[in-house]
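Worksheet for the structure shown next.
Residue numbers (my numbering), protein chains in the order written: chain W, 1 to 189; chain B, 1001 to 1300.
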């Protein structure tokens, strides 16, 4: 990605974030670090929340996309409720996830996109998510070599009748698909 | 929606209550029956999309919720759910629908393409909010037949009921569960992590992080002398319950503790039996807790 493309990426990201309710507050970040200090997973992030905004301002957003950072957000909203500037940072993380998927900019060593895509496929197919099917498809997609590592827990749940191999498709699946197809693809909200 | 007569609610179980967390479904239905809450399962409901859908497509994520809201509106009922994730996803979509007129137009048009419509007249509630704030102390105490004297409970909320909006309770120091536990005779213990994150979906996608986050919660609850952890979210329940052996090995200390849904704890005080609360489903030794004998408490 050259400098022009990087500028375009930053511009598009900011446009999308500004379309989120209170998203424009991203411009008022004080770099105080309350977000990173509140984040339960920031220790594992190369770019914790505060650094993401620092990278954005330095024109280095691409480095954020290339790290697994954004998919380490567990969506706990601790940063959002504490930010003194009122930035809805969890929504910013969601926007980074969406933009990364749209642009094919996915961090290495992260399984988040595989999980999200498997989940979305299942919902489009049945209108509901079946845990057993979701986990099986996810493992085959993300790390087929580890397919047996989930067996012990799966077996414990299965014995309790908590792992149903039956799947349910909603009666109104055709209608739901018509709705989904009628809805424009979502950028930011 | 109708204030004059006893309200009837649309019950939204959510996908995980269909199998993995069916004990939450069973105990919820029975608790509601005893408390006289009329809840009718929302017909042909669809998945709310949870957090993964929002990470891919925000508009279609909102649309998924809107279909459920539309069905409930047809019956003039508010939605009640016991899953924190379903609660937040449905509630957030509902707020977006109200606040963003262009999105509202798009959603309605898409719904109409599938023969439905939504006008924005449904509220989304979590059962805990309903039990504590609508029914209240007097109504609950009246139904208690077996006060859980001496049971020490670590009240665990997780994230998505209280954050980001903080409308149901304080976003960092919620107290709904503690109040409810007091009404049924149990003793809430302060373990200081009631609204901390269990790791959510990261337990599956990034297990190292998930095990650490859930591990800290288990460790603190044990340290505080709790007999059990009481949860209000199916994913939290699974994360805290299913990996205790691995977490104990990882931290080098015994982090095993029964993990119960709040409906199971409440249901026990209401006199419901083991099948009505689906005790058999538990992976942790919940029997002693539900029999009114605090496992850890006995040693003291």
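Think of the CB as a built atom: it goes at the ideal place given N, C-alpha and C, for glycine as much as any other residue.
Residues of chain B with CB closer than 7 Å to the CB of residue i, please, in chain order.
i, result
"residue 2 (chain W)", "Simply none; closest approach about 28 Å."
"residue 157 (chain W)", "1020"
"residue 127 (chain W)", "1046, 1047"
"residue 162 (chain W)", "1019, 1020, 1022, 1281"
"residue 169 (chain W)", "Result: empty, since nearest Cβ-Cβ is about 10 Å, beyond 7 Å."
"residue 101 (chain W)", "1056"
"residue 44 (chain W)", "1209"
"residue 176 (chain W)", "1046, 1067, 1114"
What three-state label does DSSP hand residue i in the structure shown?
i, result
"residue 1204 (chain B)", "helix"
"residue 1282 (chain B)", "coil"
"residue 156 (chain W)", "helix"
"residue 142 (chain W)", "helix"
"residue 168 (chain W)", "coil"
"residue 1345 (chain B)", "With chain B running from 1001 to 1300 in the structure shown, residue 1345 (chain B) is simply not present."
"residue 1125 (chain B)", "strand"
"residue 77 (chain W)", "coil"
"residue 1298 (chain B)", "Only weak support exists for where residue 1298 (chain B) lies, its pLDDT of 43 falling under 50; the value from the coordinates is given anyway. Helix at residue 1298 (chain B)."
"residue 1219 (chain B)", "helix"
"residue 48 (chain W)", "coil"
"residue 1016 (chain B)", "helix"
"residue 71 (chain W)", "helix"
"residue 1291 (chain B)", "coil"
"residue 1274 (chain B)", "coil"
"residue 106 (chain W)", "coil"
"residue 1086 (chain B)", "helix"
"residue 1225 (chain B)", "coil"
"residue 1252 (chain B)", "coil"
"residue 129 (chain W)", "coil"
"residue 86 (chain W)", "coil"
"residue 31 (chain W)", "coil"
"residue 1134 (chain B)", "helix"
Counting along the chain, where does the beta strand (DSSP E) carrying residue i start and finish?
i, result
"residue 1039 (chain B)", "1038-1041"
"residue 1229 (chain B)", "1228-1231"
"residue 1008 (chain B)", "1008-1012"
Could you name the residues of chain A that residue i contacts, counting a contact when the two beta carbons are closer than 8 Å?
i, result
"residue 1094 (chain B)", "The question asks about chain A, but that chain is absent: this structure's protein chains are W and B."
Starting from the beta carbon of residue i, find every residue of chain B whose beta carbon is closer than 8 Å, and list them in chain order.
i, result
"residue 33 (chain W)", "Near residue 33 (chain W) there are no residues of chain B at all, since even the closest Cβ is about 18 Å away, more than 8 Å."
"residue 106 (chain W)", "Neighbours of residue 106 (chain W) on chain B: none; closest Cβ ~12 Å, over 8 Å."
List, in order along the chain, the chain W residues whose C-beta lies closer than 7 Å to that of residue i?
i, result
"residue 1109 (chain B)", "182"
"residue 1063 (chain B)", "179, 180, 183"
"residue 1213 (chain B)", "40"
"residue 1166 (chain B)", "81"
If the cut is a Cβ gap below 9 Å, which residues of chain B does residue i touch?
i, result
"residue 112 (chain W)", "1052, 1055, 1201, 1202, 1205, 1206"
"residue 69 (chain W)", "Neighbours of residue 69 (chain W) on chain B: none; closest Cβ ~12 Å, over 9 Å."
"residue 6 (chain W)", "Within chain B, no residue comes near residue 6 (chain W); the closest Cβ sits about 23 Å away, beyond 9 Å."
"residue 23 (chain W)", "Here the premise fails: no neighbours, minimum Cβ distance about 12 Å."
"residue 117 (chain W)", "1052, 1056"
"residue 92 (chain W)", "Within chain B, no residue comes near residue 92 (chain W); the closest Cβ sits about 12 Å away, beyond 9 Å."
From what residue to what residue does the alpha helix (DSSP H) around residue i run?
i, result
"residue 1119 (chain B)", "Where residue 1119 (chain B) is concerned, there is no enclosing alpha helix (DSSP H), given that its DSSP letter is neither H nor E."
"residue 1103 (chain B)", "1101-1113"
"residue 99 (chain W)", "89-103"
"residue 124 (chain W)", "112-126"
"residue 178 (chain W)", "173-182"
"residue 1030 (chain B)", "1022-1035"
"residue 1234 (chain B)", "1234-1242"
"residue 58 (chain W)", "Premise fails: residue 58 (chain W) is in no alpha helix (DSSP H) and is neither H nor E."
"residue 11 (chain W)", "3-18"
"residue 35 (chain W)", "34-38"
Taking C-beta pairs closer than 8 Å, name the residues in chain W that residue i reaches, listed in chain order.
i, result
"residue 1242 (chain B)", "153, 156, 157"
"residue 1015 (chain B)", "128, 129, 130, 131"
"residue 1099 (chain B)", "21"
"residue 1106 (chain B)", "183, 184"
Which bits of chain W does residue i rub up against, with CB to CB less than 9 Å?
i, result
"residue 1073 (chain B)", "The contacting residues do not exist; residue 1073 (chain B) stays about 15 Å from chain W at best."
Take every Cβ of the segment 1090-1102 of chain B, pair it with every Cβ of the segment 163-183 of chain W, and state whether three or more of those distances are shorter than 8 Å.
-> no
Uninterrupted beta strand (DSSP E) stretches inside the segment 1050-1083 of chain B (no shorter than 3 residues) | 1078-1081
Contained alpha helix (DSSP H) runs [length at least 4] in the segment 1142-1213 of chain B, N- to C-terminal order | 1176-1183, 1202-1205
Examine the Cβ distances between the segment 1162-1172 of chain B and the segment 1228-1238 of chain B and report whether three or more of them are shorter than 8 Å.
-> no
Pair every Cβ in the segment 1093-1108 of chain B with every Cβ in the segment 1140-1153 of chain B, then say whether three or more of these pairs are closer than 8 Å.
-> no
Do the segment 1032-1046 of chain B and the segment 87-101 of chain W touch if we need at least three Cβ pairs shorter than 8 Å?
-> The segment 1032-1046 of chain B vs the segment 87-101 of chain W: no contact.
Inter-stretch contact (C-beta, 8 Å, three-pair minimum) for the segment 121-130 of chain W and the segment 168-188 of chain W = yes
Report yes or no: do the segment 1197-1216 of chain B and the segment 1165-1175 of chain B share at least 3 C-beta pairs separated by less than 8 Å?
-> no
The segment 1192-1207 of chain B touching the segment 1257-1273 of chain B, judged by at least three CB pairs closer than 8 Å | These segments do not touch.
Quick one: any contact between the segment 1196-1204 of chain B and the segment 1269-1288 of chain B, if contact means 3 or more CB pairs under 8 Å?
-> The answer is no - the segment 1269-1288 of chain B does not touch the segment 1196-1204 of chain B, with fewer than three Cβ pairs under 8 Å.
Indicate whether the contact test is met: 3 or more Cβ pairs, each with one atom in the segment 75-83 of chain W and one in the segment 99-117 of chain W, closer than 8 Å.
-> no
How about the segment 107-122 of chain W and the segment 146-160 of chain W: do they share at least three Cβ pairs that are nearer than 8 Å?
-> Contact between the segment 107-122 of chain W and the segment 146-160 of chain W is absent, because fewer than three Cβ pairs lie under 8 Å.
Do three or more CB pairs link the segment 129-141 of chain W to the segment 1248-1265 of chain B at distances below 8 Å?
-> no
At a cut of 8 Å, does the segment 1117-1124 of chain B reach the segment 1047-1062 of chain B through at least three beta carbon pairs?
-> no
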